[in-house]
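One structure is given here, and the rest of the page talks about it.
Numbering (my numbering), first residue to last: 22 to 97.
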C-alpha cells in the first residue's frame, strides 16, 4: 500500500477485492447496492468506505469493489 495525500492507494498487483456488508437479519431477500470508486482510475479505493452502518440501518447488502488503479489498472 502507498500513502499519497493521506489517501491509501493500492499499488500491488493483488488488489482485487469485494467487501460485502450484510445486516444480521438474513431471513428475507434484500436489495444489493454496489459501490464502485470514482477517482478517475487514479486514486481512492474500498478502504476509504465502510458499508456496515448503511447495511445495518437501511437493511440492504452493500458491496464495495477494490480494483487496480493507475499504471497497473486501466490504461488511458
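Each residue gets a CB set at the ideal place from its N, CA and C atoms; glycine is no exception. Since this is a predicted model, take the numbers as computed values, not measurements.
Hey, could you find the ends of the alpha helix (DSSP H) residue 75 is sitting in?
73-79
In whole angstroms, what separates the C-alpha of residue 45 from that of residue 82?
10 Å
For residue 26, which residues of its own chain have a beta-carbon under 6 Å away from its beta-carbon, when the five flanking residues on both sides are left out?
Because the pLDDT of residue 26 is 44, which lies under 50, any placement of that residue in the model is unreliable, and the number read from its coordinates should be weighed accordingly. Around residue 26: no qualifying Cβ.
With residue 58 as the anchor, note down where its beta strand (DSSP E) starts and where it stops.
Here residue 58 belongs to no beta strand (DSSP E), and DSSP marks it neither H nor E.
Euclidean distance between Cα positions of residue 28 and residue 47:
For residue 28, the predicted model reports a pLDDT of 48, less than 50, meaning its position is unreliable and no value from the coordinates is stated.
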